[in-house]
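Novice: If you count the sequence shown from 1, you need to add 12 to reach our numbering.
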Amino acid sequence: MQALKEKILALKKVKNAVILAHYYQEPDIQEIADYVGDSLGLSQEAAKADADIILFAGVHFMAETAKILNPNKKVILPDLNAGCSLAESCPPEIFQKFITAHPDHIVITYVNCSAEIKAMSHLVCTSSNAVKIVASVPKNIPIIFAPDKNLGRYIEQQTGRKMVLWDGSCVVHEAFSLDKLIALHQKHPNAKIIAHPESEKHILDTAAYVGSTSGMIDYVKTSSASEFIVATEAGILYKMQQEVPDKILIPAPSVENNTCACSECGFMKMNTLQKVYDCLVNESPEIKVAATIRTKALVPIERMLELSN
Ligand code: 13P
Ligand code: SF4
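The following block contains the structure:
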């Protein structure tokens with residue numbers, strides 16, 4: 013494994029490539045990345061990257077967003093099948109009909125969607141700026157929010173604003189079991205529950221903090237508590253534990269009786285160190301976005317980045 017990591021690091025220099033990785037990637041991949049972050053941080057890094065190649069260790073919509081923001085770079089993704097259940101829950105043709113059925117609404121989409129969906133949007137948001145982005149829209153303008161209904165409901169609760177919600181969700185964050193979570197909290201009564209807003213309302217209602225993956229890491233760093241139950245994809249625990257080596261981090265349990273007693277994103281885990289290496293050698297699979305879609309999709313993403321500053 014070490015030898016493979018060294019080969020990747022050497023090749024990265026030769027090819028003038030930068031590796032951007034999401035917190036849900038395997039620890040080995042996070043270790044060889046130039047930057048590890050949440051969707052917003054990764055978009056900001058991708059926009060300003062000046063390497064020739066951006067190797068995106070994440071899922072397809074993230075790499076596609078990088079390509080939209082920095083089209084002159086070669087953007088590669090170790091496994092093209094690394095999709096996202098949320099992105100897949102929103103097919104463009106059906107979404108277009110949904111928009112047509114709600115005239116006068118502005119369309120705000122969570123970044124976990126395809127370039128085609130972004131091209132139909134007025135604004136894009138991530139989990140770290142969703143509340144701020146929705147709150148930036150004048151109150152008299154009705155909003156369609158897609159594709160995540162759980163995040164949508166959370167924003168409604170935070171802003172006091174009703175929106176028309178698309179019926180999409182993340183399989184990983186809907187896998188948490190409330191009963192098991194309550195039982196676990198009873199065993200660790202001093203632990204703070206922290207949750208990603210893609211989780212269902214009954215999970216979010218138990219949480220002391222709700223936020224993006226970066227937000228959750230910041231919270232455990234600054235909180236005076238020493239124990240946390242973490243309701244998001246288990247890959248985050250690697251970086252989180254490095255940031256707070258003396259604190260106890262417990263993954264929230266999922267309904268499935270799986271091996272890690274947590275919830276893992278099968279899409280994120282499709283990327284492996286070997287695939288990262290092969291991808292860098294072959295400069296493939298490459299992410300391509302048609303120019304007509306790209307120019308339309310860029311507008312709401314850039315609006316989001318401006319509003320996030
Ligand atoms: P973050 O932007 O909070 O990292 O979330 C990305 C994601 O896909 C969560 O499932
Ligand atoms: Fe998509 Fe859920 Fe995986 Fe995030 S955790 S990439 S929302 S399927």
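Heads up, the beta-carbon is just placed ideally off N, CA and C, and yes, glycines get one too.
All values derive from a computational prediction rather than experimental measurement.
(1) Excluding five sequence neighbours on each side, which residues of the same chain lie with their C-beta closer than 7 Å to the C-beta of L83?
(2) When DSSP labels each residue in this structure, what does A237 get in the three-state scheme?
(3) Quick one, which of I155, F279, L190 has its alpha-carbon nearest C212's?
(4) Assuming H137 is part of the beta strand (DSSP E), what are its boundary residues?
(5) Identify the continuous alpha helix (DSSP H) that holds H72 and give its terminal residues.
(6) Ends of the beta strand (DSSP E) at V87?
(7) Give every residue of the same chain whose Cβ lies closer than 6 Å to the Cβ of A99, excluding the five residues on either side of it in the sequence, and list them in chain order.
(8) Once you ignore the five residues that flank E38 on each side, which residues in its own chain have a CB closer than 8 Å to its CB?
(9) Roughly how many angstroms lie between the CA atoms of G223 and A131, to the nearest whole one?
(10) Only counting runs of 4 or more residues, tell me where the alpha helix (DSSP H) segments fall wholly within the segment 26-66, in order along the chain.
(11) Would you give the residue range spanned by the alpha helix (DSSP H) that T171 belongs to?
(12) Rounded to whole angstroms, what is the Cα-Cα separation between A203 and V26?
(13) Quick one: using the 10 Å Cβ neighbour count with 16 as the cut-off for buried, is S226 buried or exposed?
(14) Name the DSSP beta bridge partners of L177, please?
(15) Nearest to D62 by CA position, among A69, D91, N28, L52, is which residue?
(16) Quick check: does the Cβ of N124 come within less than 6 Å of any heavy atom belonging to the ligand SF4?
(17) Per the DSSP calculation, A243 is bridged to which residue(s)?
(18) Between the Cα of Q42 and those of V293, L319, L249, E276, spot the shortest distance and give me the residue it belongs to.
Specialist: Walking through what the data contain:
(1) The identity of residue 83 in the sequence shown is Pro, whereas the question assumes Leu. Here the set comprises R306.
(2) coil
(3) The amino acid at residue 212 is misidentified as Cys; the sequence shows Glu. The shortest Cα separation from E212 among I155, F279, L190 belongs to L190.
(4) Residue identity differs from the one stated: residue 137 is Cys in this sequence, not His. 135-137 is the span of the beta strand (DSSP E), which, as asked, contains C137.
(5) 72-81
(6) 86-88
(7) F73, N124, C125, S126
(8) G247, K281, N283, T284, L285
(9) 26 Å
(10) 39-44, 51-60
(11) 161-171
(12) 46 Å
(13) buried
(14) F157
(15) N28
(16) yes
(17) A207
(18) L249
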